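Position 229 (the sequence shown) corresponds to 228 in numbering that gives the first Met the number 0; numbering is contiguous.
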Amino acid sequence: MRRVSFSAFPCPGFILFSALLSGGLVSYSQDSGAKGTQTALKPLPDLTVAKSVSKASDNDRFSGKIVATRDMAWDMIDHREGNAPRPGEMAPNFSLPRADDGGVVSLKDLYLTKPVVLLFSSWGCDIFRETLGGLQSLQTEYGDRAHFVMVYIREAHPFDGFGGGLGRVKDPRTDEERAAIARKAHRQMRLPFLVLVDPIEDPTATRWAGWPVRPFVIDTSGKVVYAGAQGPWGYRPYRGFLHGNGKLEGLDREFSSETLEEYLEKRFPKANGKTVN
0 MRRVSFSAFP CPGFILFSAL LSGGLVSYSQ DSGAKGTQTA LKPLPDLTVA
50 KSVSKASDND RFSGKIVATR DMAWDMIDHR EGNAPRPGEM APNFSLPRAD
100 DGGVVSLKDL YLTKPVVLLF SSWGCDIFRE TLGGLQSLQT EYGDRAHFVM
150 VYIREAHPFD GFGGGLGRVK DPRTDEERAA IARKAHRQMR LPFLVLVDPI
200 EDPTATRWAG WPVRPFVIDT SGKVVYAGAQ GPWGYRPYRG FLHGNGKLEG
250 LDREFSSETL EEYLEKRFPK ANGKTVN
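Here is the structure:
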């Protein structure tokens, strides 16, 4: 399996989020308008203390809006983190259109037949693009035992928003525009997954706290059995990939600490070199 480490790809997104996570007050940000220009950051929210969330929501003040700045990205992540289902909880159901033909597919219909490896991301997510080879290897290895499904969500780095230099397209304004971008991404990246498209108001990404990139696994009872920590820093698709310092703090400790690859190896062990149930 191809291993990818961000130490080998020192992109601006890595520098930015690493600085955010370290708690520093100075970062290199594309929002300044000049590459490599130091800009002062506002105090970061404290994620080391879990916040009580009375009710998970699929709509908030960020829904349907372009992620325009670094501060907005951070605030949105902080605000939504309590929404994400934890391991052992029932998966929030959704019904979404396919990117290829528009046919509607529900999560429940999928997990009743076999487990679902669910990935939230977008074409504009540089981390997703860098790890695509490893994800494809996982799909090749376990695709006969589990559905691999991508929910196409709001662009992580749109041309017209936060970190635009890392993106691939402008952020769509309508359901139809997002579906068209998802189809193009599906085709150009040769995604081997079933790709579903979140509506432009972002209900699924909001409810699952899936932006900018995040994996889950749902078993055939509808329970979440693997819940990746908050992306980008908690995104662990396979061994050898690390973004940020790798430490899980606060709410992140409530999610799965192992990589998706490690979980799938335990769930589908091999006998005589072949994967078995």
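Every residue, glycine too, gets a C-beta built ideally from N, C-alpha and C. The structure displayed is predicted, hence computed values, not measured ones.
Which value, in whole angstroms, describes the spacing of the CA atoms of residue i and residue j?
i, j, result
"Phe254", "Thr139", "25 Å"
"Pro208", "Thr68", "Looking at the sequence shown, residue 208 is not Pro but Ala. Looking at the two C-alpha atoms, the distance is approximately 18 Å."
"Thr258", "Thr173", "34 Å"
"Arg97", "Gly243", "33 Å"
"Pro236", "Gly133", "8 Å"
"Glu175", "Asn58", "20 Å"
"Thr205", "Ala228", "15 Å"
"Lys269", "Gly221", "24 Å"
"Met188", "His78", "31 Å"
"Ala181", "Pro231", "20 Å"
"Ile106", "Met89", "Correcting the residue type first, residue 106 is Leu in the shown sequence and not Ile. Taking the straight line from one Cα to the other gives about 12 Å."
"Phe127", "Ala184", "12 Å"
How many whole angstroms separate the CB atoms of residue i and residue j, which I take to be in contact at a CB cut-off of 8 Å?
i, j, result
"Leu95", "Leu195", "4 Å"
"Tyr110", "Thr219", "6 Å"
"His146", "Val103", "Between Val103 and His146 the Cβ distance is about 16 Å, and since that is not below 8 Å, they are no contact."
"Ser121", "Ala72", "No, Ser121 and Ala72 are not in contact; Cβ-Cβ is about 13 Å, not under 8 Å."
"Gly279", "Ala55", "Residue coverage of the chain in this structure runs from 0 to 276, which leaves residue 279 outside it and unanswerable."
"Leu165", "Leu263", "With a Cβ gap of about 28 Å, Leu165 and Leu263 do not count as contacting."
"Asp99", "Ile152", "Wrong, their Cβ atoms sit about 17 Å apart, outside the cutoff."
In its own chain, which residues sit with a C-beta less than 6 Å from the C-beta of residue i, not counting the 5 before and 5 after it?
i, result
"Arg144", "Phe267"
"Ser118", "Inspection of the sequence shows that residue 118 is occupied by Leu rather than by Ser. For Leu118, where only same-chain residues beyond five positions count, the Cβ hits under 6 Å are Met149 and Pro214."
"Cys124", "Ala155, Pro211 and Val212"
"Phe61", "Met75"
Look up residue i in the DSSP assignment and say whether it is helix, strand or coil.
i, result
"Leu193", "strand"
"Ile152", "coil"
"Ala208", "coil"
"Phe127", "helix"
"Ile180", "helix"
"His146", "strand"
"Tyr262", "helix"
"Ser255", "strand"
"Gly133", "helix"
"Tyr141", "helix"
Considering only residues of the same chain and omitting the five flanking positions on each side of residue i, which have a CB-CB separation below 8 Å?
i, result
"Arg85", "Val223, Ala226, Glu253 and Phe254"
"Gln135", "Pro191"
"Gly142", "Pro191"
"Glu260", "Met0, Gly133, Leu137, Pro236, Tyr237 and Arg238"
"Glu200", "Asn58, Ser62 and Gly63"
For residue i, which residues from the same chain have a beta carbon less than 7 Å from its beta carbon, with the 5 sequence-adjacent residues on both sides left out?
i, result
"Ile282", "Given that the chain is displayed from residue 0 to residue 276, the structure contains no residue 282 and the question cannot be resolved."
"Asp251", "Ala228, Gln229 and Gly233"
message: Going residue by residue through the stretch 59-123, where are the continuous alpha helix (DSSP H) segments of at least 4 residues, counting only ones entirely within it?
response: 69-79 and 106-110
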